[in-house]
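There are 4 protein chains.
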Amino acid sequence: MTQLDIPGTTEHSPRLGRKRDHTRDPEILAAALEVLAETGYDGMTIDMVAARAKAGKATLYRRWPSKGELIIDAVACMKQSGNDYSRLPDTGSLRGDLVAMIKPLSIKDSEKKLQILAGLMSMLSHDPGLADAANAALLEPKVAANRVLMQRAIERGEISAGCDIDLLSLITPSMVAYRVLILRKPVDSAFLLSLIDGVLMPAVGLGPPTNGKTD
Amino acid sequence: MTQLDIPGTTEHSPRLGRKRDHTRDPEILAAALEVLAETGYDGMTIDMVAARAKAGKATLYRRWPSKGELIIDAVACMKQSGNDYSRLPDTGSLRGDLVAMIKPLSIKDSEKKLQILAGLMSMLSHDPGLADAANAALLEPKVAANRVLMQRAIERGEISAGCDIDLLSLITPSMVAYRVLILRKPVDSAFLLSLIDGVLMPAVGLGPPTNGKTD
Amino acid sequence: MTQLDIPGTTEHSPRLGRKRDHTRDPEILAAALEVLAETGYDGMTIDMVAARAKAGKATLYRRWPSKGELIIDAVACMKQSGNDYSRLPDTGSLRGDLVAMIKPLSIKDSEKKLQILAGLMSMLSHDPGLADAANAALLEPKVAANRVLMQRAIERGEISAGCDIDLLSLITPSMVAYRVLILRKPVDSAFLLSLIDGVLMPAVGLGPPTNGKTD
Amino acid sequence: MTQLDIPGTTEHSPRLGRKRDHTRDPEILAAALEVLAETGYDGMTIDMVAARAKAGKATLYRRWPSKGELIIDAVACMKQSGNDYSRLPDTGSLRGDLVAMIKPLSIKDSEKKLQILAGLMSMLSHDPGLADAANAALLEPKVAANRVLMQRAIERGEISAGCDIDLLSLITPSMVAYRVLILRKPVDSAFLLSLIDGVLMPAVGLGPPTNGKTD
DNA sequence: CGATAAACGAGACGGTACGTCGCGTCTTCTG
DNA sequence: CAGAAGACGCGACGTACCGTCTCGTTTATCG
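Protein chains in written order, with our numbering: chain A, 1 to 215; chain B, 216 to 430; chain C, 431 to 645; chain D, 646 to 860.
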């Protein structure tokens, strides 16, 4: 997204003159994310971002063609800094794993990401491939985590290999998004447990928890 | 939303002079929807809507306090004109009813509504109650339809009364929204059937439709 | 200069909508002159003028197409407010009248006007008719005063009717401008008296003052 | 003006490294004059000059501290290339000499120089000593020529030694400047002859030409 | 002769003013 | 008096230019 110079074929341009200082990119994007978080999408201003990053407005426009693109890239870069799901729980059962992923911190993080997503949403229709960036940064990590947990359950024979895990891994994220963005209700453990026990477990052919304890 | 002067109370003002011509409201809202569809939310302008409706800007602001509210109302009015779900299928089985609701026309309608929803989304965070209007106009009808179908299934004893139909009726809409807005993939019968057979039916304790029996 | 709406033929446009509030013009122009005087031409900013006049930038640009035109008009309006030469001396002799016009206040005024003229000068080449406005506001009043004094001298038979008073009335202004703008020397009585006695009086065929006294 | 590092003093720096290529100076100044003539002072850009001279912007700023100084120097260098007044006419009479200096080429040159002067004028107020450079390059040569002619007339006893030739030599240049820059009328022989016969000759105590022929 | 230090073309940098556009309000005139 | 037309104050947008800085390269002097 950042590449404004078309990568073309073999860099036939010798790139004369001062090089664009790409070490500033992260600083600018971080400033953009700060302002985005503080003032919201609509209140965000290019001058604010430039001032926060101690950069000139022209420097921003040299790298991103518009305010929208800048935000997109800022969100995309959030992917790295955001809490990743590299450390997945491994409790031995799918339900145990899913329940283990219910953490207040994770919920807060999801809600924040969804707020950002809401700001971007109107632009997703217009710019092809833009949705991919937002998805990859904001939603896909969670989806991927779900998919991995289910894949493990298949491998250990806990659930049938015929389960459509690509579909099932989307259910929690989409329902959380719906609840936060549309219904504007808080996401809590009870809601997530309802999803696990009322939707996901039946869908993979597993019954309710053998012991009654749910947390 | 539209009523800025509540006529219900005291009415000490005899409403002198020319009455507000409320026959113009639909025209203005239609113009708003046209512009919204043509230029997208961000590109939409109050002046555009006013010009399209051959109305003055002040006339619009006399009726709606802001651009956002106008759009909300425009969307809300779409509710009436849009294909409502007053005529629900009644095939005798829940699965039959759900499948019967899969119609190309209905899918197209949903996608259009979701595009509008996308444009509104960034505002839903700021304006309290605004999300309710959007939800009521764009998503709730479908949810309500699902709920009714499930309620009937409970009443006829097809599924357990313990099913969380408030939760389950949200699954299809949220998954469709996710698919259209985030993944930008088309919604087709196959996808919807996967949801019905892979998620909903197991969740309500019904098996796959191998034979007509519902176990 | 202010008329941006072409006066055309017969006002075929009914001029619907709110009228442009032309009572604001003088306020804006006055603000422009203030800023011009305080910060100089180069330091002057449209936002400064707008803020000073408590007007929006768009209001200024609706009336004047650019910063330059605004200044021009501001200068032109100065014509009215500036000290006019309606009260010319009448001492009975041309030399007496010319000497009577040498006043410290008048000199200061001239120098200020010339500083403004200097700021405008680079634009005079590009815009046809623009020079006329500047001339009419900044220099012509003085020239006209000289011309009147000489015309009176002709009428009373003091000097020959063959004198090229259109030419001679320009000498003092042009020499003063040259001295102030190019040589950057102060204009004082001695300089002006040198012009009167060394240039103007010989040119109209009058000798030096009959008695040696010059004041 | 060009010497930023004064080589006269101490010279503690051994001037290592590549020497500044001063053969580029004329090319750059010529480019500056071209751009100045084509786009006017306000439209002129350092980047334009650099591009035209196939030089880097830093090269220009290494030699001249600002845009204004560059232009001044460009104008000053024009002094050499412009038609100088080293070959003054010597017809034996002051009037003959003055009339002999009226040449179409000279008039064109003057008008061009005045256009440049106009562009510089707004800066003359701010930069001390800048006016001197402009004056020395653009106006003083003509003034000096007039002064020499009048000095010769004094020396040959044609006119009184009491004439204020410093003042009188300014009259033609100032009146020409006024006519070109303010009145925007062409300068022709008739105008210049009017000045000679109507102003200068009377001022030095000489009558009209003995014979009626003026050329 | 090789090291070194400055100047070179090119262009990115921080900053600032420009002129445009949209919002929501206010004013004028018409029906 | 409602309604159309549109000017108003405000403020963000994206562009252009200034004067400085940083690249990688070239060139002249010094060791």
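Ideal Cβ placement from N, Cα and C applies to all residues, glycine included.
Residue i and residue j look like a contact to me (Cβ under 8 Å); what is the Cβ gap, rounded to whole Å?
i, j, result
"ALA118(A)", "LEU181(A)", "6 Å"
"ALA134(A)", "VAL75(A)", "6 Å"
"ILE386(B)", "LEU410(B)", "7 Å"
"GLY40(A)", "HIS341(B)", "7 Å"
Going by the CB atoms, is the gap between residue j and residue i shorter than 9 Å?
i, j, result
"ARG665(D)", "ARG732(D)", "no"
"LEU354(B)", "ALA392(B)", "yes"
"PRO356(B)", "TYR300(B)", "yes"
"VAL617(C)", "MET580(C)", "no"
"ALA698(D)", "ILE673(D)", "yes"
"ILE761(D)", "MET723(D)", "yes"
"ASP594(C)", "GLY843(D)", "yes"
"SER281(B)", "ASP42(A)", "no"
"MET259(B)", "ALA247(B)", "yes"
"ARG792(D)", "ASP811(D)", "yes"
"LYS57(A)", "ASP73(A)", "no"
"ARG239(B)", "LEU124(A)", "no"
Between which two residues does the alpha helix (DSSP H) containing residue i stretch?
i, result
"LEU837(D)", "834–840"
"PRO831(D)", "Counting along the chain, PRO831(D) falls outside any alpha helix (DSSP H), and DSSP gives it neither H nor E."
"ARG371(B)", "Segment: none, ARG371(B) is in no alpha helix (DSSP H) and carries neither H nor E."
"ALA695(D)", "691–697"
"ILE390(B)", "The sequence as given places Met at residue 390(B); Ile does not occur at that position. Per DSSP, MET390(B) belongs to the alpha helix (DSSP H) from 380–392."
"PRO671(D)", "669–688"
"TYR706(D)", "702–708"
"LYS323(B)", "319–339"
"ILE97(A)", "Position check: residue 97(A) holds Asp in this sequence, whereas Ile was assumed. From DSSP, the alpha helix (DSSP H) with ASP97(A) extends over 94–100."
"ASP305(B)", "Unbroken run through ASP305(B): none, as it is neither H nor E."
"ASP557(C)", "Premise fails: ASP557(C) is in no alpha helix (DSSP H) and is neither H nor E."
If you count every other CB in all the chains shown that lies within 10 Å of the CB of residue i, and 16 or more means buried, which is it?
i, result
"LYS328(B)", "buried"
"PRO202(A)", "buried"
"SER384(B)", "buried"
"GLU585(C)", "exposed"
"LEU661(D)", "exposed"
"PRO652(D)", "Confidence at PRO652(D) is low in this model, with a pLDDT of 39, below 50, so its placement is unreliable and no value can be given for it."
"ARG824(D)", "buried"
"SER389(B)", "buried"
"ALA360(B)", "buried"
"ALA190(A)", "exposed"
"ARG740(D)", "buried"
"ASP241(A)", "No statement about residue 241(A) is possible, as the shown extent of chain A runs from 1 to 215 and does not include it."
"LEU750(D)", "exposed"
Contact between the region 147–165 of chain A and the region 365–381 of chain B: three or more CB pairs below 8 Å? Of all C-beta pairs linking the region 147–165 of chain A to the region 365–381 of chain B, fewer than three are shorter than 8 Å, placing the two stretches out of contact.
Do the region 476–494 of chain C and the region 521–533 of chain C meet, that is, are 3 or more Cβ pairs less than 8 Å apart? no
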